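Contents: one structure, followed by commentary.
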Amino acid sequence: MDDLKSRILSGALKPGEKLSGQLALAKEHGVSAITSERALFELEKAGLIERRSRSGSFVKETPRLFSKVLVVTNIWASENFGFTDYYAGLMERAENAGVNLEITRISAPDFESKMAALKNKAVILFGFEEPELVKKLKSDKVPHLVMAINSQYSDFCVTENRRAAARELAARLFHDGVCRRLAFIYNPLQTNHRTCLEGYLASSVECGFKPMTYKADEDSVNTVVSGLMNRKSPPDSIIISGGAMPLAAIPSIFKSGSNVKLGVFTENSSVLNLRNTAWTAFYSQSETGRLAFDMLYGIASGKITGAGIQHPPFEILRPLRPA
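For this note's numbering, add 9 to where a residue sits in the sequence shown, where the first one is 1.
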């Protein structure tokens with residue numbers, strides 16, 4: 010079985026290729042017919058081949074390299090604004106591959122027992138990393154990656170290119186939006202917000218505008234925006250990172266009566282409700298989910314080795330109804 014499995018995973022046996030029959034396989038590998046039958050059964054069970062009545066055994070077009078993917082979070086999935094969008098992309102790929110998805114929290118009572126039973130499974134760490142957990146996954150040779158944030162400990166990561174998106178968004182507001190006082194509001198406790206900040210600061214150097222950075226969270230962002238808009242020289246553009254903060258800031262922006270240009274990031278599909286008035290760095294969490302599943306397959310098959318990061322594409326969208 011191991012020889013056939015490695016030949017399938019390496020591509021030596023092509024998708025759709027017919028395998029030798031039970032007796033021929035037994036003779037080829039010097040085993041009994043019972044052993045070759047058991048090997049074919051295990052390959053079918055593993056999702057690598059399809060056995061057709063009266064036709065024989067064929068390599069699957071999309072071999073099932075694992076039976077289940079554990080999506081591990083450090084918070085309740087419902088607390089993450091964009092989780093549903095990510096999960097939709099994962100589910101699409103999983104259904105096509107015949108693989109089950111299971112969401113679990115690192116703090117769940119049964120988490121340790123799940124980590125002890127990872128045979129034929131793969132793991133996605135969603136929105137967080139834990140060094141000891143990554144070390145265990147590597148030691149146990151469990152296919153895994155980090156999704157939705159940049160990784161520090163795992164070799165593989167799929168996330169949005171927030172630094173490049175923030176850099177381009179600020180540049181477009183400067184050049185196309187003719188903005189010169191560009192403010193940036195972020196939550197310093199959030200890794201992705203800090204990554205966006207890096208892009209904004211890079212753009213300030215390239216474009217030549219003075220950085221104006223302000224810290225906030227979902228509860229305080231309205232107060233921060235109100236303070237900015239009441240200044241003698243208020244910003245002519247405000248970029249707000251995150252998925253919840255831009256929506257929370259809308260009352261203060263509208264109340265100011267200003268023509269300030271708003272810049273946002275699509276951390277979830279809800280942010281698209283601001284498309285009428287906001288300059289939007291658009292990337293798709295669903296596409297990130299699809300890329301993550303595809304990369305996991307590449308890792309499990311041995312086609313992706315070493316270390317790597319993948320990003321979905323992004324684009325900067327102008328407001329549908331500019332002020």
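All C-beta atoms in this analysis are idealised placements derived from N, C-alpha and C, irrespective of residue type, glycine included.
A quick note: this is a predicted structure, and the numbers were derived from the prediction, not measured.
Beta bridge counterpart(s) of residue i as assigned by DSSP
i, result
"N109", "K77"
"R1", "Nothing about residue 1 can be read from this structure; the chain reaches only from 10 to 332."
"Y223", "I194"
"V273", "T289"
"H153", "V132"
"I325", "A290"
"R114", "T82"
"S246", "L191, K270"
Spatial distance of residue i from residue j (CA atoms)
i, j, result
"F183", "S212", "9 Å"
"S279", "L326", "15 Å"
"L49", "V78", "24 Å"
"S242", "A106", "56 Å"
"T168", "R330", "30 Å"
"A175", "Y223", "15 Å"
"S163", "T314", "12 Å"
"R240", "N170", "33 Å"
"E26", "A33", "16 Å"
"E215", "A180", "8 Å"
"L198", "N285", "29 Å"
"Q31", "P24", "19 Å"
"E141", "S148", "10 Å"
"S41", "F92", "50 Å"
"I318", "K14", "27 Å"
"K144", "L134", "13 Å"
"N231", "R203", "20 Å"
"A97", "A103", "10 Å"
"A253", "L210", "22 Å"
Counted within 10 angstroms of its Cβ, other Cβ atoms place residue i as buried (16 or more) or exposed
i, result
"V187", "exposed"
"N277", "buried"
"F218", "buried"
"N201", "buried"
"V81", "buried"
"S64", "exposed"
"S62", "exposed"
"I43", "exposed"
"R60", "exposed"
"F263", "exposed"
"S45", "buried"
"P321", "buried"
6 Å CB neighbourhood of residue i in its chain, flanking five on each side removed
i, result
"E177", "I325"
"S265", "M238"
"A225", "I194, V233"
"A316", "D164"
"S66", "L28, L49, I58, R60"
Residues near residue i in its chain [Cβ-Cβ closer than 8 Å; skip 5 each side]
i, result
"D12", "H38"
"R189", "F183, F218, D245"
Nearest-angstrom beta carbon gap, residue j and residue i [assumed within contact, 8 Å]
i, j, result
"A173", "G208", "6 Å"
"F302", "L28", "Not a contact, Cβ separation roughly 27 Å."
"I115", "N83", "5 Å"
"F274", "A290", "5 Å"
"S267", "S235", "With 8 Å as the limit, S267 and S235 do not qualify as a contact, their Cβ atoms being about 11 Å apart."
"I247", "V269", "6 Å"
Own chain, CB closer than 7 Å to residue i, minus 5 neighbours either side, in chain order
i, result
"L22", "R16, V68"
"A131", "F75, V78, V151, P152, H153, L305, A309"
"D94", "N277, S278, Q294, S295"
"S160", "E138, C166"
"L206", "F193, Y195, T222"
is_contact[residue i, chain B] using C-beta, thresh 8 Å
i, result
"L134", "Considering every chain present, this structure includes no chain B. It has just one protein chain."
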